[in-house]
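Heads up, the thing below is written out as structure tokens.
There are 2 protein chains.
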Amino acid sequence: MLEKYDLKKTADEGAYEKTLESYKERLNILQRTLRDQNVPTIIVIEGWNASGITMSIHEIVQALDPRGFALHAIEKPTEEERARPFLWRFWLRTPPRGKIALFARSWYSRAISEEMQKHAWEKSLAGRADRINNFERQLYDDGTVILKFFLHITKEEQKQRLEERERNPLTAWLVTPAIWNIHRHYEDTLPIIEHFITRTDTDYAPWTIIEATDRKYAIVKLYATIVKALDKQAEGLKEVKQKRAKQKELSRPRKNPVKRRSSPDRKFSKDECQEALGSLQIEMLELHYLLYKRKIPLMIAYEGWDAAGKGGNITRVTRYMNPLGYYVVPVSAPTEHEKQYHYLRRFIKHFPMGGDIAIFDRSWYGRVLVERVENYCSEPEWQRAYGEINEMEEDFVNSSGGGIVKFWLEISKEEQLRRFQQRANDPLKVYKITDEDWRNRERWDLYDKAVDAMLARTSTDIAPWTVIESDDKWYARVKALKTVMTTAQKLL
Amino acid sequence: MLEKYDLKKTADEGAYEKTLESYKERLNILQRTLRDQNVPTIIVIEGWNASGITMSIHEIVQALDPRGFALHAIEKPTEEERARPFLWRFWLRTPPRGKIALFARSWYSRAISEEMQKHAWEKSLAGRADRINNFERQLYDDGTVILKFFLHITKEEQKQRLEERERNPLTAWLVTPAIWNIHRHYEDTLPIIEHFITRTDTDYAPWTIIEATDRKYAIVKLYATIVKALDKQAEGLKEVKQKRAKQKELSRPRKNPVKRRSSPDRKFSKDECQEALGSLQIEMLELHYLLYKRKIPLMIAYEGWDAAGKGGNITRVTRYMNPLGYYVVPVSAPTEHEKQYHYLRRFIKHFPMGGDIAIFDRSWYGRVLVERVENYCSEPEWQRAYGEINEMEEDFVNSSGGGIVKFWLEISKEEQLRRFQQRANDPLKVYKITDEDWRNRERWDLYDKAVDAMLARTSTDIAPWTVIESDDKWYARVKALKTVMTTAQKLL
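Line by line, the protein sequences give chains A and B. For the first sequence, position 246 (counting from the first letter as 1) is numbered 451 according to the numbering used here, and the numbering increases by one without interruption. For the second sequence, position 180 (counting from the first letter as 1) is numbered 385 according to the numbering used here, and the numbering increases by one without interruption.
Okay, here's the thing in structure tokens:
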């Protein structure tokens with residue numbers, strides 16, 4: 206594919222400056238228009254070493270208002286980033302609404318350079334391509350414009366440029382042996398890049414190949430493509446998405462539907478449960494040590510009715526964990542800042558590193574519970590969310606080797622009323638009950654329906670839901686701890 | 206100092222559980238009270254290896270609502286953190302208003318472990334102690350409660366505990382050769398720790414030594430101290446600060462006062478200036494390469510009257526910088542989130558790594574300009590800010606080896622009016638002029654006074670102000686670029 210492009214020369218050298226100037230002006234205006242339209246934009250510049258990535262960024266940056274863009278030069282991941290799923294650091298770098306994120310190299314070069322050492326790169330890269338397509342599609346569905354460029358030069362041209370840089374004392378030290386080594390493997394890399402570009406060239410995030418031998422031609426084509434695409438966006442002529450990259454089949458919901466009950470089969474005495482907890486907690490401590498030592502991450506998401514006992518349950522489950530190895534992420538309504546991003550980003554940010562246990566006190570399932578019921582998002586948005594969440598969870602498990610435990614704490618409507626009244630009458634607990642709790646209770650049936658849909662559509666093999674019968678809070682604590690331990694054991 | 210404490214036993218073993226339970230309840234209530242009072246709290250737990258830091262954290266955490274605290278386990282700095290000033294990562298971990306930050310180890314163990322390898326630790330640690338005192342005092346002045354604990358055990362006790370851990374397969378792998386090595390140097394470390402604790406034991410951030418041989422005693426003393434201190438805070442009985450740690454003398458403002466003028470001595474033609482710019486920009490590119498290669502950071506802060514030409518000036522100065530080696534930080538009013546922290550934190554967050562140039566389009570000087578004039582902060586707050594800013598800049602320069610360039614872009618009141626009118630009449634520039642600009646102009650005299658005070662009180666030897674006579678925008682660009690280059694040359 207890359208070979209089919211001829212190297213073209215800009216016909217009229219004199220017209221170059223003028224053309225460029227008018228593109229810059231146009232891009233500057235488009236930046237303001239998209240800001241006013243709240244559209245986030247991602248521009249990815251990839252290419253061979255010495256193909257002019259930095260120079261291209263330099264040219265684009267000159268057209269932009271610094272208040273409205275961020276430049277991300279992607280290098281090797283830091284230790285912290287390496288301890289997280291592959292796409293984690295790119296999720297954190299997605300632009301807020303109305304802003305532009307420019308990537309000098311991206312998830313693509315990282316995927317290719319990390320996979321090329323391995324055998325069977327074709328299969329491995331295919332997995333990465335699927336995950337990248339999901340990532341880009343999710344951003345696109347959220348309104349992000351994504352433009353991707355590959356700067357192409359021949360091996361001979363690359364050699365000349367590297368030699369030129371070596372002759373200049375200012376740049377000589379940048380041309381390392383590693384870069385020459387990659388140069389020598391140009392022919393081996395070419396088919397991998399072609400394959401990867403083909404698999405990730407989608408309507409929602411298209412690639413443009415830039416023939417970069419003639420720098421002026423490259424810049425003009427880059428600008429022309431960007432301006433044309435953003436013009437379309439600004440005029441609301443967003444193309445209809447048809448060509449979707451082939452998606453890996455998502456792990457299907459389990460055949461046995463998740464049963465919702467608020468009471469366990471038989472009664473348990475408090476003493477019985479406390480004794481069980483006591484012995485389990487020692488085992489839990491051991492499991493936690495092993496997870497920590499083997500750098501396996503674990504996520505625990507707590508959802509449930511108001512007053513179902515999430516707080517107390519978390520306290521018991523964590524009592525015998527090492528406090529340096531777990532953390533609780535309390536989730537409430539998104540802040541103004543968080544609302545500027547894709548709704549999943551604020552959760553992905555808190556994903557655990559290898560060895561850590563992240564406990565979410567409420568979670569990303571808010572999208573299909575409170576946000577659905579209270580109309581904080583549109584129906585297409587929460588309908589889409591089931592698949593997006595399944596993808597996100599699958600990506601986490603597959604790329605980190607970790608596990609996800611999801612608890613739905615079920616109580617009966619009568620039990621909730623009893624607990625609300627108890628709280629209202631206890632001066633030490635009255636702060637726990639708010640008007641909002643009573644309002645939510647009035648919408649019990651709507652929430653009930655949302656919970657059913659959530660359990661049916663997001664209980665997957667890799668991240669199944671566990672319903673905790675919580676009318677009996679002691680039983681609930683034992684069951685939660687046991688479930689966490691069973692999952693942890695499977696991961697070891 | 207550490208030896209003078211006897212090991213005490215809790216008299217009544219049976220009363221222990223009861224005492225602890227009541228402390229936990231009290232701390233839980235205090236957490237809510239301080240949340241309502243918007244008071245941030247820092248609790249630092251330091252101590253010998255195996256002295257029980259994790260266990261202490263575990264106990265405290267059980268009393269707290271997870272929504273209101275964050276636990277920071279401080280280990281070796283990451284690559285990114287190492288590329289920044291020593292206190293940078295701790296600034297980012299300070300708690301927002303109403304929340305608690307718990308530190309399992311902190312800036313103290315890092316300072317000691319990093320310095321102990323070097324010769325002349327006494328002098329070196331003294332410098333660290335001064336900087337830490339400044340850090341803690343600035344947080345205290347902003348309303349933060351700071352409590353610091355050192356868990357003390359004897360060398361013999363430490364040996365027994367390490368051996369005990371080695372016998373347990375779950376913990377054996379944690380007792381590394383490095384830990385035994387530190388154990389062997391217990392006697393050498395003791396005076397260093399004593400010295401450091403003495404120098405940083407202040408009224409605004411006091412130390413409490415916890416005799417940690419008897420674990421129950423240690424926990425009770427820890428809780429008792431925390432609850433007592435927070436009780437005082439909650440009741441508004443905050444102690445009067447008298448005992449201030451001896452501060453290093455701050456770099457004094459320069460004797461030559463900074464002269465403010467809006468026009469240069471002689472007229473410059475546009476052609477003359479553009480030519481100068483052209484040749485300087487090549488040199489600038491070279492300097493930038495060297496800064497980058499030698500990992501020297503540089504900060505450039507732009508302040509100036511509205512319409513003084515900050516944007517255009519930044520564009521020219523950066524035109525020949527490598528876009529991957531600089532970034533522009535646009536500063537506007539703090540967000541709700543940013544307001545929850547010390548006002549300097551949002552700037553410190555963007556401090557450059559070694560090799561980067563950070564350009565602030567408006568800066569931390571907003572505290573003594575717009576925030577002073579518009580009464581967004583109180584007079585004691587902005588009065589305090591001059592010293593705080595000098596300390597912050599000094600800390601950056603001393604700990605990073607980098608430089609700070611500060612520009613005040615001066616224009617005359619008449620020139621500003623001319624530019625406002627020009628903008629208002631140009632359809633492509635009208636978006637640049639807002640009602641707020643006109644309102645600010647009405648307060649010219651108030652701003653004028655604030656600028657004078659700022660230049661007089663914060664132009665220091667290590668971070669002097671440069672006034673840019675900006676009535677002539679071409680001259681202004683040349684002078685700014687020249688100033689940046691002079692500073693960069695001195696740093697190489």
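C-beta: ideal position from N, C-alpha, C; glycine also.
Count the other CB atoms, across all protein chains shown, that sit within 10 Å of the CB of residue 487(A); report buried if there are 16 or more and exposed otherwise. exposed
In whole angstroms, what separates the C-alpha of residue 277(B) from that of residue 555(A)? 14 Å
Taking residue 566(B) as the query, report the chain A residues whose CB atoms sit under 7 Å from its CB, ordered along the chain. 271
Using the C-alpha atoms, what's the distance from residue 559(A) back to residue 452(B)? No answer about residue 452(B) holds up, because its pLDDT of 45 lies below 50 and its placement is not dependable.
Where does residue 547(A) land, buried or exposed, given buried means 16+ other C-beta within 10 angstroms? buried
is_contact[residue 694(B), chain A] using C-beta, thresh 9 Å: no
Would you identify the three-state DSSP class for residue 226(A), choosing helix, strand or coil? helix
Give, in chain order, every unbroken run of the beta strand (DSSP E) that is at least 3 residues long and sits entirely within the region 461-523 of chain A. 503-509
Going by C-alpha to C-alpha distance, which of 350(B), 479(B), 285(B) and 401(B) sits closest to residue 329(B)? 401(B)
Could you compute how far the alpha carbon of residue 362(B) sits from the alpha carbon of residue 340(B)? 34 Å
Does any C-beta atom of chain A lie closer than 9 Å to the C-beta of residue 451(B)? No answer about residue 451(B) holds up, because its pLDDT of 44 lies below 50 and its placement is not dependable.
Any C-beta of chain A sitting closer than 9 Å to the C-beta of residue 415(B)? no
Distance between beta carbons of residue 282(A) and residue 601(A), contact taken as under 8 Å: That belief does not hold up - the Cβ atoms of residue 601(A) and residue 282(A) are roughly 16 Å apart, past 8 Å.
The alpha helix (DSSP H) that contains residue 367(A), what's its start and end? 360-372
What do you get for residue 636(B), buried or exposed, if any count of 16 or more other CB atoms within 10 angstroms of its CB means buried? exposed
Mind listing which residues of the region 469-492 of chain A have their C-beta closer than 9 Å to chain B's C-betas, in chain order? 490 and 491
Any idea which residues DSSP pairs residue 274(A) with across the strands? 305(A)
As a quick exercise: from 228(A), 351(A), 241(A) and 357(A), pick the residue whose alpha carbon is nearest that of residue 723(A). The structure shown does not extend to residue 723(A), since chain A is modelled only from 206 to 697, so the question has no answer here.
Give a yes or no on whether the minimum CB-CB distance between residue 456(B) and chain A is below 9 Å. Note on residue 456(B): pLDDT 49, under 50, position unreliable in the model; no value is reported.
Using a Cβ-Cβ cut-off of 9 Å, state whether residue 318(B) counts as contacting chain A. no
Does DSSP classify residue 252(A) as helix, strand or coil? strand
Looking only at its chain, what residues have a beta carbon closer than 6 Å to the beta carbon of residue 507(B), apart from the 5 residues adjacent to it on each side? 515, 566 and 612
Is residue 236(B) close to chain A, meaning its C-beta is less than 9 Å from at least one C-beta of that chain? no
For residue 378(B), return the contacting residues in chain A, with the cut-off set at a CB-CB distance below 8 Å. 498
Note the first and the last residue of the continuous beta strand (DSSP E) segment covering residue 356(B). 350-357
So, for residue 417(A): in the same chain, excluding its five sequence neighbours on each side, which residues have a beta-carbon less than 7 Å away from its beta-carbon? 252, 256, 257, 356, 357, 358 and 423
Cβ of residue 609(A) within 9 Å of Cβ of residue 505(A)? yes
Using a Cβ-Cβ cut-off of 9 Å, state whether residue 560(A) counts as contacting chain B. no
In the region 251-262 of chain B, which residues sit with their C-beta less than 8 Å from some C-beta in chain A, listed in chain order? 259 and 262
For residue 441(A), would you say it is in contact with chain B, using Cβ-to-Cβ distances shorter than 9 Å as the test? no
From the beta carbon of residue 520(A), is the nearest beta carbon of chain B less than 9 Å away? yes
Using the beta-carbon of each residue, which ones in chain A are nearer than 9 Å to residue 533(B)? 271 and 272
Between residue 682(A) and chain B, is the shortest Cβ-Cβ distance under 9 Å, so that the two count as touching? no
Can you give me the Cβ contacts of residue 441(B) inside the same chain, cut-off strictly under 7 Å, excluding the 5 residues immediately before and after it? none
Cβ pair residue 534(A), residue 564(A) closer than 9 Å: yes
For residue 378(A), the three-state DSSP class (helix, strand or coil): coil
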